[in-house]
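Going letter by letter, the sequence shown gives residues 135 to 378 in our numbering.
For reference, the structure is listed below as structure tokens.
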Amino acid sequence: MEQAKFKVHRGEGSQGQDVDYTVPIEEGMVVLDAMHYIQKTASPDLAVRWNCKAAKCGSCSAEVNGKPRLMCKTRLDDFNLSEPITVRPMKSFPVIKDLACDVKWNYEVNKKIKPFTPKDDTDWIMYQRDVDRVQEFRKCIECFACQNVCHVLRDHNLKPKFAGPRFFVRVAGLEMHPLDGENRLEELRNDMGIGFCNITKCCTEVCPEDIHITDNAIIPMKERVVDKYYDPLKMLLRSLFGKK
């Protein structure tokens with residue numbers, strides 16, 4: 135039977151190292167299957183988050199050969215099995231143990247976003263074109279792969295100032311909703327730090343739901359912020375009349 139070699143991160147907190155494992159390969163296996171085999175046969179204490187095993191819960195995110203992926207969606211036959219497959223926790227978040235990360239910061243950011251707020255005297259009729267406009271953003275499964283790969287968070291650790299692509303997607307879904315009456319542009323500019331994003335599209339590349347994060351969410355939100363706060367004519371009027 136064909137076998138695959140794995141280098142799996144083991145350890146708690148910032149302390150850890152790669153441990154070598156060998157796993158027999160069966161047709162259709164994914165990386166999560168290999169982690170389960172390791173738990174069953176070699177290391178029952180290997181910490182791995184997972185839930186649905188159907189690429190819909192976002193729990194099993196990890197870095198496989200250096201790229202953020204869902205382990206349940208990453209097939210072993212996509213790799214050159216003559217070389218070891220590395221499986222490590224997401225770099226942008228503190229490690230609890232092994233492959234399990236502490237992602238609670240994301241939920242704290244989420245709490246600060248103004249919820250859907252209907253306009254006064256809202257006509258609750260929606261047309262299909264309006265639904266289509268925001269439906270893409272609802273596909274997010276909060277795997278946080280986009281947060282992990284974003285260099286603003288990954289390399290510069292600007293978590294206090296920068297919300298990250300996942301939450302720009304959430305705000306875009308609210309701002310573009312035809313029945314929403316709230317204005318979140320000031321929060322996007324100041325609290326969420328959308329200006330730090332320099333449109334590398336790395337978040338779009340790793341999204342398992344194929345959401346066009348950069349083109350359909352971040353860029354339109356940046357344009358709205360620029361139009362409101364950095365339009366030269368509007369800036370002149372604000373300086374003359376003190377209006378926001």
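In this text, a Cβ means the ideal position worked out from N, Cα and C, and glycines have one as well.
For I219, the secondary structure class from DSSP, reduced to helix, strand or coil, is strand. Assignment of beta strand (DSSP E) within the segment 287-326, counting only whole runs of 3 or more residues, yields no such run. For R323, same chain residues with a beta-carbon under 8 angstroms away, outside a window of 5 residues either side, are G329, V359, Y363 in chain order.
Under a 10 Å Cβ-count criterion, I345 is classified as buried, with 16 or more other Cβ atoms of the shown protein chains found around its own Cβ. Scanning the segment 194-262 from its first residue to its last, the whole beta strand (DSSP E) runs of 3-plus residues come out as 195-198, 201-204, 219-222, 229-231.
Burial is judged here by how many other beta carbons sit within 10 angstroms of a residue's own beta carbon; G307 has at least 16 and is buried. Our two residues, T256 and V305, have alpha carbons roughly 20 angstroms apart in a direct line. Where H170 is concerned, there is no enclosing beta strand (DSSP E), although the alpha helix (DSSP H) around it starts and stops at 165-175. For W258, the closest of E321, T348, H311 by C-alpha to C-alpha distance is H311. As the crow flies, the alpha-carbon of R272 is around 26 angstroms from that of V165. Here H285 has T334, C336 as same chain residues with Cβ atoms under 8 angstroms from its own Cβ, once five neighbours each way along the sequence are excluded.
A direct Cα-to-Cα measurement between R222 and V198 gives close to 7 angstroms.
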